[in-house]
Amino acid sequence: MVATQTIEIKLPYQGLITAALVAIAAAPPALFIFHPGVNRAGDVLLHNGIEVKVLGRTLYKREPPLRGGETAAGGHRAPSAHNITPIPVGKQIAGYRVTSGYGPRRSPCKGCSSYHPGIDVGTPTGTPLYAPGDVTVTCKSDRASGNYAEFDYQGMLHQWLHLSTCSPGSYRFGDKFATTGSTGVGTGPHLDYRVKQAGQRVYPPIEVLTAALDPSQFKPLLPVGGEVGPTITDDTLKRAICRAEGTCDPSGNPNHAYNSHTDPGNRKRNQGFFSYQHGASSPQEADQKQLARLRVVESRYIAASQAKFGERCSKACMVAWLDLFNQSPDAGNRFIRFLPNPDPSPQQLIDARAAALSESRRLVGAPSPMNVPADQKRRVDNLLEMVN
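For the sequence shown, this note's numbering begins at 3 and goes up steadily by one.
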């Protein structure tokens, strides 16, 4: 927990100053939201709390009205946009090195700034970026920034520069909204993360940057109302999805496609049981990363099922749901709309998956070369074979 900010007064007219500080500290949080001049300073009160001392005696103390780490929709710990931890050059964030910090610097290239109002991270082209919470992404472009995305989150405008791809729309925690690249002015592939508050550049929060690169670091919390573990074990989930992906034999052992194979749709390199394609040093690391990601999504899908049906969907339903997310995250997020009940038959699973995938591909504009119903029947048959 962040320590409460302490202000100790040792000046003449301390009575007057103390009264002013107490008035500010006692003011409602709305003051710090609507007045740009004190907006940033107000973060100290809103998120750290404040204590006013005179000659060593505490005259006023207030706990923070807002706390970082609150539970967000979907059952994970929400990344805080108000945790301003220094991010030095050389620091590793989600396995990627910080290459340029915030503030004055030697200009690294012609056209590059000597004052850097953001954090640069050395990410290879195609590195996915994930939403830190419920956000609406806007995609833009200019000469210096290249392709960039921006969205509001916890009262701040977050910007992600030099992207190779950006998909506008509404997203929830853990959804991919863009991939990094080398567009605009720069020295090579990297991510430049910048933040504005009340129109002013501010220091980027490390938790939001971390969540964008690796949402699995913000682990799912137990659902409200009791301790409920995963609906399926890690081993069952791996064995089921690897059969659907074609990366293991009928016994669940790795086959020739496990170490590496090329995705027939986007031509990217896939690794591991889940056909992970977002960068990993080994198939084992790929499995670890995607399994953690699926567990984050699982907690969200449990909540969605409870909201629609008043109960969690069946084990077979959840396996089919997570496999659809593994195949197409956007289709996975649409699946609940087509699910008729919490314990669907195999054919109902196939129909709901095919409908979600077809709608996703139609709206996103992606090609659909395969026979969707036939492919979904194959996948569901393989999934249920490992679950039942």
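In this text, a Cβ means the ideal position worked out from N, Cα and C, and glycines have one as well.
key: Proximity winner among 332, 386, 328, 365, relative to residue 351 (alpha-carbon distances)   = Reading the sequence shown from its first residue, position 349 is the one you call residue 351. It is 386.
message = Using a Cβ distance threshold of 8 angstroms, determine whether the stretch 200-218 contacts the stretch 92-99, with at least three qualifying pairs required.
response = yes
task = Keeping to the same chain, check which residues put their C-beta closer than 6 angstroms to that of residue 132; ignore five residues upstream and five downstream.
result = Translated into the one-based positions of the sequence shown, residue 132 becomes position 130. Taken in chain order, the residues that qualify are 176, 178, 214, 217.
query = Measuring CB to CB, does residue 128 end up less than 8 angstroms from residue 181?
reply = One-based indexing of the sequence shown puts residue 128 at position 126. One-based indexing of the sequence shown puts residue 181 at position 179. Result yes, Cβ atoms of residue 128 and residue 181 sit closer than 8 angstroms.
Run of the beta strand (DSSP E) containing residue 121, from where it starts to where it stops = As a working note, residue 121 is residue 119 in the sequence shown. 120-123 is the span of the beta strand (DSSP E), which, as asked, contains residue 121.
request  = Apply the 10 Å Cβ neighbour rule to residue 91 and answer buried if 16 or more other Cβ atoms are within range, or exposed otherwise.
outcome  = By one-based count along the sequence shown, residue 91 stands at place 89. Classification of residue 91: exposed, given that the 10 Å Cβ count is below 16.
ask   = Using a C-beta cutoff of 8 angstroms, does residue 281 count as contacting chain D?
value = The chain labelled as chain D is not found in the depicted structure, where only one protein chain is given.
inquiry  = Measuring CB atoms only, is the stretch 133-145 touching the stretch 157-172, in the sense that at least three cross pairs come out at less than 8 angstroms?
reply    = yes
query = Using the beta-carbon count (16 or more within 10 Å), is residue 202 buried or exposed?
reply = Counting from one through the sequence shown, the residue named residue 202 turns up at place 200. Exposed, by the Cβ-count rule.
task = Have a look at residue 320 and residue 150 and give me their C-alpha separation to the nearest angstrom.
result = To locate residue 320, count along the sequence shown from 1; it is residue 318. To locate residue 150, count along the sequence shown from 1; it is residue 148. Looking at the two C-alpha atoms, the distance is approximately 35 angstroms.
request  = Provide the residue span of the beta strand (DSSP E) that contains residue 210, from first to last.
outcome  = Walking along the sequence shown from the start, residue 210 turns up at place 208. It is not in any beta strand (DSSP E) - residue 210 instead sits in the alpha helix (DSSP H) that spans 208-215.
task = Identify every run of the beta strand (DSSP E) within the stretch 260-347, keeping only runs that are complete inside it and at least 3 residues long; order them along the chain.
result = none
query = Between which two residues does the beta strand (DSSP E) carrying residue 130 extend?
reply = One-based indexing of the sequence shown puts residue 130 at position 128. Unbroken beta strand (DSSP E) run through residue 130: 130-132.
key: Residue burial classification, residue 73 (beta-carbon count within 10 angstroms, cutoff 16)   = Numbered from its first residue, the sequence shown carries residue 73 at position 71. Reliability fails at residue 73, whose pLDDT of 46 lies under 50, so the model's placement of it is uncertain and the value that follows must be treated cautiously. Label assigned to residue 73: exposed.
ask   = From residue 292 to residue 204, what distance separates their C-alpha atoms?
value = One-based indexing of the sequence shown puts residue 292 at position 290. One-based indexing of the sequence shown puts residue 204 at position 202. Whole-angstrom Cα-Cα distance: 33 angstroms.
key: Separation of residue 111 from residue 317, as counted between CA atoms   = If you number the sequence shown from 1, residue 317 lands on position 315. If you number the sequence shown from 1, residue 111 lands on position 109. Computed Cα separation, rounded: 54 angstroms.
query = Thinking C-beta only, is residue 302 closer than 8 angstroms to residue 196?
reply = As a working mapping, residue 196 is identified with position 194 in the sequence shown. As a working mapping, residue 302 is identified with position 300 in the sequence shown. No, the Cβ-Cβ distance between residue 196 and residue 302 is not below 8 angstroms.
query = Can you tell me whether residue 260 is buried or exposed, with buried defined as 16 or more other CB within 10 angstroms of its CB?
reply = Looking up residue 260 in the sequence shown gives position 258. By the 10 Å Cβ count, residue 260 comes out buried.
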